[in-house]
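Visitor: When we follow my numbering, the leftmost residue of the sequence shown carries the number 328, and every step to the right adds one. Each residue gets a CB set at the ideal place from its N, CA and C atoms; glycine is no exception. Have a look at the structure that comes next, please.
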Amino acid sequence: MTQNSFRIVLCVDAGFFHFLPSLEKNIFKRQGQYPIIYDLGMTDKQVKRLKSEVVKMAPPEGYKDKSSSGAIKTTHKPRCISHFLANFSQDALYIDADVVILETIVADEFMDGDICVTPRHPKEMKSAKPYLNGTLNAGVIFFKNTIPVQEVVKIWEAECDSSDKSDQMALSDILVDADIKAGPGVGQAHGITVRKLPATIYNDVRCSTGKLWHFKNAGRRASKRNKRAVAIFLANFMPKIMQLWLSYKRKCLTVTY
Numbered sequence: 328m329t330q331n332s333f334r335i336v337l338c339v340d341a342g343f344f345h346f347l348p349s350l351e352k353n354i355f356k357r358q359g360q361y362p363i364i365y366d367l368g369m370t371d372k373q374v375k376r377l378k379s380e381v382v383k384m385a386p387p388e389g390y391k392d393k394s395s396s397g398a399i400k401t402t403h404k405p406r407c408i409s410h411f412l413a414n415f416s417q418d419a420l421y422i423d424a425d426v427v428i429l430e431t432i433v434a435d436e437f438m439d440g441d442i443c444v445t446p447r448h449p450k451e452m453k454s455a456k457p458y459l460n461g462t463l464n465a466g467v468i469f470f471k472n473t474i475p476v477q478e479v480v481k482i483w484e485a486e487c488d489s490s491d492k493s494d495q496m497a498l499s500d501i502l503v504d505a506d507i508k509a510g511p512g513v514g515q516a517h518g519i520t521v522r523k524l525p526a527t528i529y530n531d532v533r534c535s536t537g538k539l540w541h542f543k544n545a546g547r548r549a550s551k552r553n554k555r556a557v558a559i560f561l562a563n564f565m566p567k568i569m570q571l572w573l574s575y576k577r578k579c580l581t582v583t584y
């Protein structure tokens, strides 16, 4: 299996377009192909600047509202992923637009999971209420393109539509039988295998040791946007420096999975 057996999938509106030119380049350099981008309301001028395949998708009403936990709902995700799985033949690696890929991701890393998620990063676990918005971080999720997975995504979408939860909380709840709180490993839910990947590698909100760095809330915080801009510039144009940095941090930091 190679990385080309899955596609990276993004969902972006006009407000997040500024992440895309550098992210497209980042994904192409690491994965050898551009992502599929679901357009939630970009302008025509923005779309014309992109090299990726763009799929227009009407987001659900209130997807930018706050959920009962206080987080932004982002309930568009299951709708876009459901469309991808129904209309493309490949598996999907969904990433948020504020994620940066430091090292090439290959399908073998997900082969024992129908859905792969990341339990909360150790940094997130330091919060007073780490599970307030769910047991996982929905910024990086892998979906095998099978009928059982498509059915679970439909359940996820229905949970988002029928409640005041964020997409992240809804997915955490429907995968509760997989015991995501237990950390990395393998669980079962709704008849599928749920692989729980280490966030320190696949959804690194600390942005230090992982293959995928997640600059969480970069859309709302200038300091995070600035750090992301530096990181993705180095990843795209000075990859050897980034690899030296990763090697150094992995040796120096005690990584808790």
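1) Evaluate the contact criterion for the stretch 472–483 versus the stretch 406–419: three or more CB pairs, one atom per stretch, below 8 angstroms.
2) Taking only the alpha-carbon atoms, compute the straight-line gap between T329 and M438 and give it to the nearest angstrom.
3) A371 lies in the alpha helix (DSSP H); which residues open and close that run?
4) Are the beta-carbon atoms of L337 and Y421 separated by less than 9 angstroms?
5) Taking C-alpha atoms, which residue in H403, V557, I442, F542 lies nearest to A516?
6) If you reduce the DSSP assignment to three classes, tell me which class Y390 lands in.
7) Determine the closest residue to K523 out of C579, D506, K352, with distance taken between C-alpha atoms.
8) For K576, which residues of its own chain have a beta-carbon under 7 angstroms away from its beta-carbon, when the five flanking residues on both sides are left out?
9) Is the stretch 392–401 close to the stretch 489–497, with three or more CB pairs under 8 angstroms?
10) What would DSSP say about F411, mapped onto helix, strand or coil?
11) Rounded to whole angstroms, what is the Cα-Cα separation between F344 and Q373?
12) Going by beta-carbon coordinates alone, are V433 and V521 separated by less than 9 angstroms?
13) Reducing DSSP to helix, strand and coil, say where Y529 ends up.
14) Does V365 come out as helix, strand or coil in the three-state DSSP assignment?
15) Kindly indicate which three-state DSSP category F343 falls into: helix, strand or coil?
Guide: The short version:
1) yes
2) For this step, residue 329 is matched to residue 2 along the sequence shown. For this step, residue 438 is matched to residue 111 along the sequence shown. Annotation note: pLDDT 47 at T329 (below 50); position unreliable, no value reported.
3) Taking the first residue of the sequence shown as 1, we reach residue 371 at position 44. The sequence as given places Asp at residue 371; Ala does not occur at that position. From DSSP, the alpha helix (DSSP H) with D371 extends over 371–375.
4) Taking the first residue of the sequence shown as 1, we reach residue 337 at position 10. Taking the first residue of the sequence shown as 1, we reach residue 421 at position 94. Taking 9 angstroms as the Cβ cut-off, L337 and Y421 qualify as a contacting pair.
5) Mapped onto the sequence shown, residue 516 falls at position 189. Comparing Cα positions, the closest option is I442.
6) If you number the sequence shown from 1, residue 390 lands on position 63. Note: Y390 maps to coil in three-state DSSP.
7) Here residue 523 is taken as the residue at index 196 of the sequence shown, counted from 1. For the residues C579, D506, K352, the minimum Cα distance to K523 belongs to D506.
8) Position 249 of the sequence shown holds residue 576. Around K576: S535, T536.
9) yes
10) Stepping through the sequence shown from its first residue, residue 411 is reached at position 84. In the structure shown, F411 sits in a helix (DSSP, three-state: H, G or I).
11) For the purposes of this step, residue 344 is taken as residue 17 along the sequence shown, with counting starting at 1. For the purposes of this step, residue 373 is taken as residue 46 along the sequence shown, with counting starting at 1. Taking the straight line from one Cα to the other gives about 7 angstroms.
12) Within the sequence shown, the letter at position 106 stands for residue 433. Within the sequence shown, the letter at position 194 stands for residue 521. Going by C-beta atoms, V433 is not nearer than 9 angstroms to V521.
13) Locating residue 529 in the sequence shown gives position 202, where the first residue counts as 1. If DSSP states are grouped into helix, strand and coil, Y529 belongs with the helices.
14) Counting from one through the sequence shown, the residue named residue 365 turns up at place 38. Here the sequence assigns Tyr to residue 365, which means Val is not the residue at that position. Strand.
15) Here residue 343 is taken as the residue at index 16 of the sequence shown, counted from 1. Helix.
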